[in-house]
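Taking it in order: structure first as structure tokens, then the write-up.
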Amino acid sequence: VQIVACGTSYHAGLVAKYWIEGLAGMPCQVEIASEYRYRKVVTLPNTLWIAISQSGETADVLSALRHLDCEQVAATLAVCNVPTSSLVRETDLALLTEAGPEIGVASTKAFTAQLIVLICLAIVLGRQNGHLDASRVTYLYQKLVKIPGAVGKSMKLFDSIRPIAHKLKNARSCLFLGRDTLFPLACEGALKLKELSYIHAEGFASGEMKHGPIALLEDGLPIVSFVSEDEMALKVISNLKEAEARGGYIIVIGTQAAVDLIDFAAAKIVIPDCEPIFAPIVGAIPAQILAYLTALN
Ligand code: F6R
294 VQIVACGTSY
304 HAGLVAKYWI
314 EGLAGMPCQV
324 EIASEYRYRK
334 VVTLPNTLWI
344 AISQSGETAD
354 VLSALRHLDC
364 EQVAATLAVC
374 NVPTSSLVRE
384 TDLALLTEAG
394 PEIGVASTKA
404 FTAQLIVLIC
414 LAIVLGRQNG
424 HLDASRVTYL
434 YQKLVKIPGA
444 VGKSMKLFDS
454 IRPIAHKLKN
464 ARSCLFLGRD
474 TLFPLACEGA
484 LKLKELSYIH
494 AEGFASGEMK
504 HGPIALLEDG
514 LPIVSFVSED
524 EMALKVISNL
534 KEAEARGGYI
544 IVIGTQAAVD
554 LIDFAAAKIV
564 IPDCEPIFAP
574 IVGAIPAQIL
584 AYLTALN
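Numbering (the numbering used here), first residue to last: 294 to 590.
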């Protein structure tokens, strides 16, 4: 699978890579459209080529589509929110996100809708190629249908996020961290914060902190970390302990069980319970609310 997209849609693609490789066992590459369109790309035979775009009109994405090696591509697929868009018209297949019109410039509901479509795609690919058995698919489906309820509950997090946004409003810079599917979510959280509040923010994979970014740590630097209660939890705790020891103001976002593991955090945002595999979908909502409330401040 080759995914091409820009901005927030690119972050959705990065999450999808974890799902497509993890659930369907298929190799998946993700690339920024503005890079892909200008370079000599090598496409593996029988590639499913996916463009993710809210609008379906992003010039870099359309140019990437027109630039691909048709010989090797089995099918082109648009994951798009606008049924009448150029992208949907020019691809072989389309999965519509049906999120309704995105009114604001910052993509929000389109992002969560893209994630839902992409995890469904990963599950279907996994079932069709035999990587997932029927009982696992049923289990995932039963959990998946609970996601809209969890997202609805996340909309009630405004009061608990307000004091954190108040703290962030004077920050010069802010780091976002995560591992696994929560790494792309960290990049998305940082993008939302910089785009809405004009505060510098960067998303990093938690494990990369020690390879350079740790030099940025200073007293009071806000570090927003997405945490999960899976096998990665212990590693995240040790990354965050190091950041806290260097004066970082640690804000954690996760389920109650996950945030309880970080007893040294300065602030916690508790998301409704969900399977760790769905955490980027539910975790996106408090990240968006945090950026929104910080901008209002
Ligand atoms: C960020 C944002 C942008 C878009 C990007 C791609 O909030 O909205 O980064 O995601 O410009 O746009 P689409 O998805 O329409 O191709």
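Glycine included, each C-beta is placed from N, C-alpha and C at the ideal position.
Model, not experiment: these values are computed from the prediction.
Closest residue to residue i among the options (Cα-Cα distance)
i, options, result
"Tyr303", "Ala494, Val334, Ala415, Leu411", "Leu411"
"Glu383", "Thr369, Gly541, Ser428", "Thr369"
"Gly513", "Ile564, Ala536, Glu522, Lys503", "Ala536"
"Ser327", "Val366, Ile582, Lys439, His360", "His360"
"Ser531", "Leu510, Phe557, Ile564, Val308", "Phe557"
Close-in-space but distant-in-sequence residues of the same chain around residue i (CB under 6 Å, 5 per side omitted)
i, result
"Gly471", "Leu478, Ala479, Phe519"
"Lys310", "Cys321, Val323"
"Ala588", "Leu489, Ser490"
Same chain, Cβ closer than 7 Å to residue i, five either side skipped, listed in chain order
i, result
"Ile345", "Ile296, Ala298, Ser302, Ala305, Gly306, Val372, Gln407"
"His459", "Asn590"
"Ala560", "Ile457, Ile544"
Residue range of the unbroken beta strand (DSSP E) whose run includes residue i
i, result
"Gly471", "466 to 471"
"Val297", "295 to 298"
"Gly496", "493 to 498"
Endpoints, the alpha helix (DSSP H) within which residue i is located
i, result
"Ile454", "451 to 461"
"Val430", "427 to 437"
Proximity test, residue i beta-carbon vs ligand 1 heavy atom, cut-off 7 Å
i, result
"Glu328", "no"
"Gly482", "no"
"Glu488", "yes"
"Val354", "yes"
"Thr351", "yes"
"Ala399", "yes"
"Gly393", "no"
Neighbourhood of residue i by C-beta, 8 Å cutoff - its chain only, sequence neighbours within 5 removed
i, result
"Gly300", "Ser400, Leu484"
"Asn422", "Ala317, Gly318, Met319"
"Ala526", "Val520, Ala551, Leu554"
"Val381", "Gly349, Ala371, Cys373, Val375, Ala387, Leu389"
Residue i Cβ short of 7 Å to ligand 3 heavy atom set
i, result
"Ser379", "This structure simply doesn't include ligand 3; it includes ligand 1 instead."
Complete alpha helix (DSSP H) runs within the stretch 508 to 585 (minimum length 4 residues, chain order):
Fully enclosed alpha helix (DSSP H) runs of 4 or longer: 526 to 538, 549 to 553.
Which full runs of the beta strand (DSSP E) of 3+ residues lie inside the stretch 358 to 410, going along the chain?
Counting only runs of 3+ residues, the beta strand (DSSP E) found wholly inside the stretch 358 to 410 occupies 366 to 373, 386 to 389, in chain order.
Quick check on the DSSP output: what are the complete alpha helix (DSSP H) runs of length 4 or more inside the stretch 308 to 355, in order along the chain?
Counting whole runs of 4 or more residues, the stretch 308 to 355 contains the alpha helix (DSSP H) stretches 326 to 329.
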